[in-house]
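*Asks:* Residue numbers (numbering that gives the first Met the number 0), protein chains in the order written: chain A, 0 to 1005; chain B, 0 to 196. In this text, a Cβ means the ideal position worked out from N, Cα and C, and glycines have one as well. Predicted model, so just to flag it, every value in this text is computed and none were measured. Have a look at this one.
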Amino acid sequence: MRIENHSSHQIDYSQSLTFIFNNKTYKGYKGDTLASALVANDVLFFARSFKYGRKRGLMAAGVEEPNALISLEIGGRYTPNLKATEVMLYDGLSAVSSSNPNALDFRALIKPFHRFMPAGFYYKTFIKQKVWAKVENSLRALSGFSKAPTEKDVDVYDHVFHHAEVVVIGGGVAGISAALEVLNNSKTERVILVDEREHLGGELFNEFSTDDAASTWHKDSIEKLFSYMNEDNSRLTLFLRSAAYAWYDHNYIEVLETNATGESLVTEQGQAARKTIHKIRAKEVILATGAHERPMLFETNDLANIMLSQSVRRFLNEFGVISGKDIVLYGNNDSIYSTAIDLNNINIKCTVVDVRSSEIQSEIVTNVKGLGVKVFQGYAILKANGTHLVRSIELSQVALQGKEWNVSGGSQQLKCDLLATSGGFNPVVHLDCHCGAKTFYDEVSQSFLPQKERNNRQVCGSVAGVGAWQDAVGDAKNKAQLTLKSLGIVKKINQDKLSTNYLNFFNVSQFFTPVEILNRPKVFLDMQNDVTTLDVALSIREGYRSIEHIKRYTAMGFGTDQGKTGNINGIAVAAKFLGISMSEVGTTTFRPAYTGVDFGAMAGREIGDFFDPQRYTTINDCHVSSGAEFEVVGQWYRPWYYPINGEDIHQAVNRECLAARTSLGMMDASTLGKIDVQGSDAREFLSRVYTNAWMKLAPGSCRYGLMCNEKGMIIDDGVSTCINDNHFIMTTTTGGAASVYSALEMWLQTEWSNLDVHLNSVTDQYATIAVVGPNARNLMKVLCQDVDFDRQNFKFMQWRPGTVCGVDARIMRISFSGELAYEINIEANYGYYIWNQVALAGKKWNITPYGTESMHVLRAEKGYIIVGQDTDGSMTPMDVNMGWILAKDKPFSYIGRRSFSISALNSEERFQLVGLLTKDEQVVLPEGSHIIDNKSRSIGYVTSSYYSPILGRSIALAQLKGGLSKMSETVLVKIVQEKQGLKEIPCEVSSSVFYDINGEKVDGND
Amino acid sequence: MEMTSSKENFNPEFRSTFQSSLDRDGLLICQEDLECSELDDKAVIVLRTSKDHKKNIEVVNEYFGVDLPEALCISSGNNDIKCLWISPDEFWLVDNRQNKAGILDKIELLPKGMSMIDNSAAYGVLEFTGKKMYSLLARWMSYDLGGSLSSKKVVSTTLGQAPVIVFRDSEDKLLMLVRHSFSHYVAGLLKDSAKRI
């Protein structure tokens, strides 16, 4: 219910909001979380538990909440498994429970059998895979988590990088104090302050009603912080509603920010991302992440309206809501008395049950007694009663003898409708441990604290075990001073001495784990996974000793809350059953993410067109306007084919190939890698990286080269051009450009640093247009008149400088089709213009642009390999029938040469490149199909396969074991045909050259 | 159709790197406190130096009128030619295109161990101005532009997955060199992110 006229600190009562939860409409206010708004509307059941389907209510008020899992929105805005305590309310919000507590649940029907489903039930029952395969889907459907989204997320998510000298994580008293101390004592240092809540202040809001000093300190501090924020070029960056969920090495921290409304805002004017991941690199980190309260243990402690004491306070003080009128506060520390005072202030009846003996008489205990609140000291709750909702509790006297708790006397019942417990506080050490920091167990606070010394990091406030807010201010200043010293800003530091007079929640009693309670059923440790104390006991009986193993056997600490409230109690229970100390048990490993992170947020904007760079040539606009279909080669978008008049790919490719073979084709070859090689040792360098000879290649000439790695395997090929004796331009395959450049630089810098050679990537510098076909020479004569294109004066594998339509060009006479062909290389800025000029001038010969598919057909007809398609990293030049390209008498060896003397590489049984001709000329073999022997064993595979329009039949290249000695033999290729299934296709092994075997076409017809 | 290749008879269309991404005013981004435009008149010449550092300094100073910068720095010379430190033996000369031929003429004069290559067409140059330029670039760039890239500094880094060179020409202006083939990708990233600035 909402407390009328309550001065809650987060709620704007002037802004009413309407929302839907589990198909019912409710009202809330701006500033509410979904959880607080539901509490205000007397909704007590939020979801069902994961394993047993038990109805569950709220336990906590923040990120540590284990029960209140919901799915937000539907369709493209659907987000599963959010905590209702973390979802800020907005108008029109729609949510459902991850597992509806009000619907009939199959798991509720098997309630009598829960005792037969302890930890390890699923492992043991379904250990046989066949059984598991049958039940997996059904069981998963029963789990208490939300269903995975099925539609594309329509929200916008973003990533932003940040750098700061100091990052303060946590916006409570300690975080605010630390940030101010750094800002006040530095001039240029950048500070980032991160907090997961809507407002700075943390738990301090709980003190406002009883401590004027707290509210005054808060007001002054926030004003000071905002004065820094409002400065020009502010040094302070503030992230609210932002959870720091991972801390990696070198102080790299990731923070997930949810925007103010929880929605994406997309308008014509701009956008706001629904969630943003901030990637922060900091020199120093101050951790002020506070502490989470842990519950007390007793039977059926999972009933709805059994909550954490400080969470009840937070719901009351920040949101003005409470879910009961007759409240019992139960715990082992003074914090429950603070809650009692707050409840008393709004005239809500409460009773305190304190396991500590009546000998403890702190000031706050006395004050609460003075208010007339009934206090049971030296009592413990053994059991909570109620069907789904707590209705009463059973009390019994307890006493601490040494380190053991004794339960004595009979029990008495006490009615209540809300039970708030506090079993102490767990410092939020998660982030600190993400990158390797250790914890130590502190007997005084009964908690695991972060290790004290660590480079470039300080911890302050509750996370460091400082319980009073006044002390947290001093502690934070001290730690900030150490940070300033580490930054070299201050040399001498003043350390405030902390008082011991303030109320300190960390003064707790011994963990309350008497066996009389631990051995009862339904004492839940992990609410989300229904792990009980008996499950831990069972795991120990079955031989598990490490807490990591116990965790995995019981599933304790799994799920979206990652055991924030339950794990430390679980460790205490394990310690009890193992008979060792908490320190000896230790903690499980803390790993990112501290809290749930949406997949959408992880992806950010690296989706769709931004998932991988799309690289285009400067001629791309021409291809688009020609209606080209594209294929991705590496990251390049290359024209695949140019359909006209509704052609399919086969019709278009046939037309394009025939045009290139009979008249004139043109192709954008700009994507080929180009490496500028300069220096007096350039020739020597080429000789070392290619298998053939380069020392005598004359300026004005080009040469094909094959590049191998040191194992003798082909890694790339291409044509290199001799500009002058000290200058060459090497081309590489499109996909291999970066790796070849990198490999060559590696050789130059590590092995051949004495060579005078410089490499520069010039792939993007030049646009390259290939004109191909019998009329190529005629066209070039029109395009360029300062070059003599006579076949005798401009021979195959030569290049000439010239002017093409007014643009300086390098014209190479090289061919990847076997036809007469020229490649025009111009500055990339003129690529678009020259392509259009070539197309215009070529109309006379019906010039036809062709794409990569036709290029593949044309080169396959000639038996030219494509590295990476016809080779697979395990092919030598001999394997592809190119032994002719291995130089025999180079003065210096070349990469891979030594390996060619290995007998295995010269075996006749190696896979060798051959041609395949199907007996049925119209059958085109699928690439990748296996060639089989008479026992159906694979003896090779098809690497390239096309229909050749010029030959009027299919052709294929293949790697066949001992293929070169199997010419004219018939082999079988196993293929899968639609409808007909597997089929064996007889093929004749042939030369890999299918067309123009004597190479007569390359000079053209004239 | 008869054509001639003499340069005088042609008016070749020069298309800048980001031409297809610019708006009618020639801007990539134009909004409050943030502007991004292309400088399409820049030449980029790659200069590779020898192991003789002293000689390198002499040659660069004599031929190009600039000091050879030390690590991660830029130096400027006459006519505003800029020399960018890229790696220990690689420097980029950035100048107006009209001066390109004059620079490239020096190739023949370079001593053994030094080389030069024109890469002007390979790179587009973007200029960023306005208070929000860091916010924009921080969407895709992990480098600490605000803290580490002080005036006259240069860095080779990435914008998203695209390799780029960024340098601070003056206090309130950043220049970014982008490979032509990545320009469509880079322009897309910048325009998309600008919507959320």
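Are the Cβ atoms of Asn-405 of chain A and Glu-393 of chain A separated by less than 8 angstroms?
*Replies:* No. Outside cutoff.
*Asks:* Within 10 Å of its beta-carbon, does Phe-788 of chain A have 16 or more other beta-carbons around it, so buried, or fewer, so exposed?
*Replies:* It counts as buried.
*Asks:* Pull up the distance between the alpha-carbon of Leu-307 of chain A and that of Gly-565 of chain A, whole angstroms please.
*Replies:* C-alpha separation (whole angstroms): 12 angstroms.
*Asks:* Using the three-state DSSP reduction, which class does Met-2 of chain B fall into: helix, strand or coil?
*Replies:* At Met-2 of chain B, the pLDDT of 48 sits below 50, so the modelled position is not reliable; the number obtained from the coordinates is stated separately. Met-2 of chain B: coil per DSSP, three-state reduction.
*Asks:* Use the C-beta contact count for Tyr-12 of chain A: other C-beta atoms within 10 angstroms, 16 or more gives buried, fewer gives exposed.
*Replies:* So Tyr-12 of chain A counts as exposed.
*Asks:* Measuring only the C-alpha atoms, how far is Ser-410 of chain A from Leu-302 of chain A?
*Replies:* The alpha-carbon atoms of Ser-410 of chain A and Leu-302 of chain A are separated by roughly 20 angstroms.
*Asks:* Between Met-2 of chain B and Lys-843 of chain A, what straight-line distance do the alpha-carbon atoms span, to the nearest angstrom?
*Replies:* Low per-residue confidence applies at Met-2 of chain B: pLDDT is 48, beneath 50, and the placement is therefore not dependable, though the value from the model is reported in the following sentence. Going from the Cα of Met-2 of chain B to the Cα of Lys-843 of chain A covers about 13 angstroms.
*Asks:* Can you name the start and end residues of the alpha helix (DSSP H) that Asn-1059 of chain A belongs to?
*Replies:* What is shown of chain A runs 0 to 1005, which leaves residue 1059 of chain A out entirely.
*Asks:* Closer than 9 angstroms between beta carbons: that is the criterion. Which residues of the stretch 653-682 of chain A meet it against chain B?
*Replies:* Against chain B - using a Cβ distance shorter than 9 angstroms - the residues of the stretch 653-682 of chain A are Ser-669, Thr-670, Asp-675, Gln-677, Gly-678, Ser-679.
*Asks:* Using a cut-off of 9 angstroms between C-beta atoms, extract the partners of Ala-272 of chain A located in chain B.
*Replies:* Neighbours of Ala-272 of chain A on chain B, chain order: Arg-195.
*Asks:* Helix, strand or coil: how does DSSP classify Gly-672 of chain A here?
*Replies:* Of the three classes helix, strand and coil, the one that applies to Gly-672 of chain A here is strand, per DSSP.
*Asks:* In three-state DSSP terms, what is Gln-480 of chain A?
*Replies:* The answer is helix: DSSP assigns Gln-480 of chain A an H, G or I state.
*Asks:* Mind checking which residues open and close the beta strand (DSSP E) that includes Asn-331 of chain A?
*Replies:* No beta strand (DSSP E) holds Asn-331 of chain A; DSSP gives it neither H nor E.
*Asks:* Which bits of chain A does Gln-160 of chain B rub up against, with CB to CB less than 8 angstroms?
*Replies:* Simply Asp-611, Pro-612.
*Asks:* Pairing CB atoms from the stretch 827-842 of chain A with CB atoms from the stretch 788-804 of chain A, are three or more of them under 8 angstroms?
*Replies:* Flag = yes, the stretch 827-842 of chain A and the stretch 788-804 of chain A touch.
*Asks:* Is the stretch 132-145 of chain A in contact with the stretch 105-118 of chain B, if contact means three or more CB pairs nearer than 8 angstroms?
*Replies:* At 8 angstroms Cβ cutoff, the stretches do not touch.
*Asks:* What does Ser-86 of chain B pair with, by DSSP beta-bridge criteria?
*Replies:* BP columns for Ser-86 of chain B point to B:Glu-89.
*Asks:* Can you confirm whether Ala-627 of chain A, when its beta carbon is compared against all beta carbons of chain B, has any partner nearer than 8 angstroms?
*Replies:* Not one chain B Cβ lies under 8 angstroms of Ala-627 of chain A.
*Asks:* If you draw a straight line from the alpha carbon of Ala-668 of chain A to that of Tyr-636 of chain A, how long is it in whole angstroms?
*Replies:* Answer to the nearest angstrom: the Cα atoms are 12 angstroms apart.
*Asks:* Helix, strand or coil for Ala-46 of chain A, going by three-state DSSP, please let me know.
*Replies:* The answer is strand: DSSP assigns Ala-46 of chain A an E or B state.
*Asks:* Judging by CA-CA distance, which residue of A:Arg-55, A:Ser-964, A:Arg-293 is the nearest neighbour of Ala-83 of chain A?
*Replies:* Cα-wise, what sits closest to Ala-83 of chain A is A:Arg-55.
*Asks:* Between Ser-13 of chain A and chain B, is there a C-beta pair that is closer than 8 angstroms?
*Replies:* Judged by the 8 angstroms Cβ criterion, Ser-13 of chain A is not in contact with chain B.
*Asks:* Evaluate Trp-139 of chain B with the Cβ neighbour count: other Cβ atoms within 10 Å of its Cβ, from every protein chain shown; 16 or more gives buried, anything less gives exposed.
*Replies:* Answer is buried; the Cβ neighbour count reaches 16.
*Asks:* Tell me where the alpha helix (DSSP H) around Thr-215 of chain A begins and ends.
*Replies:* Where Thr-215 of chain A is concerned, the enclosing alpha helix (DSSP H) stretches over 211-228.
*Asks:* At which residue ranges does the stretch 602-670 of chain A contain complete alpha helix (DSSP H) runs of 4 or more residues, listed in the order of the chain?
*Replies:* Those alpha helix (DSSP H) runs which fall completely within the stretch 602-670 of chain A and span 4+ residues are 619-624, 648-661.
*Asks:* Counting only Cβ-Cβ distances shorter than 7 angstroms, please list the residues of the stretch 36-59 of chain B near chain A, keeping chain order.
*Replies:* Those residues of the stretch 36-59 of chain B that come within reach of chain A (Cβ to Cβ, closer than 7 angstroms) are Val-45, Arg-47.
*Asks:* Since Tyr-25 of chain A sits in a beta bridge, which residues does DSSP pair it with?
*Replies:* For Tyr-25 of chain A, which the question treats as bridged, DSSP gives the partners A:Phe-18.
*Asks:* Determine which residues of the stretch 803-814 of chain A have a Cβ less than 7 angstroms from any Cβ of chain C, and write them out in chain order.
*Replies:* No chain C appears in the structure shown, which is made up of the protein chains A and B.
*Asks:* Could you please give me the residues that DSSP links to Leu-286 of chain A through a beta bridge?
*Replies:* The partner list for Leu-286 of chain A (beta bridge, DSSP) reads A:Ile-168, A:Val-458.
*Asks:* Run through the DSSP bridge pairs and tell me what Val-320 of chain A is partnered with.
*Replies:* Paired residues: A:Arg-1.
*Asks:* Residues of chain B with CB closer than 7 angstroms to the CB of Asn-761 of chain A, please, in chain order.
*Replies:* In the sequence under discussion, the amino acid at residue 761 of chain A is Val, which differs from the Asn named in the question. Near Val-761 of chain A (Cβ distances below 7 angstroms), the residues of chain B are Ile-116, Asn-118, Ala-121.
*Asks:* Under 9 angstroms between beta-carbons, which chain B residues line up against Arg-234 of chain A? List them in chain order, please.
*Replies:* Going along chain B, no residue has its Cβ under 9 angstroms from Arg-234 of chain A, so there is no contact; the nearest lies around 11 angstroms.
*Asks:* Determine the DSSP secondary structure at Arg-313 of chain A, reduced to helix, strand or coil.
*Replies:* Here Arg-313 of chain A sits in helix by DSSP.
*Asks:* Given this structure, state the Cα-to-Cα distance separating Cys-721 of chain A from Tyr-615 of chain A, to the nearest angstrom.
*Replies:* If you take the alpha carbons of Cys-721 of chain A and Tyr-615 of chain A, they lie about 27 angstroms apart.
*Asks:* Using DSSP's beta-bridge definition, name the partner residues of Asp-441 of chain A.
*Replies:* The partner list for Asp-441 of chain A (beta bridge, DSSP) reads A:Ser-446.
*Asks:* Can you give the Cα-Cα distance for Ile-1039 of chain A and Gly-169 of chain A, rounded to whole angstroms?
*Replies:* In the structure displayed, chain A extends from 0 to 1005; residue 1039 of chain A sits before or after that span and is not available.
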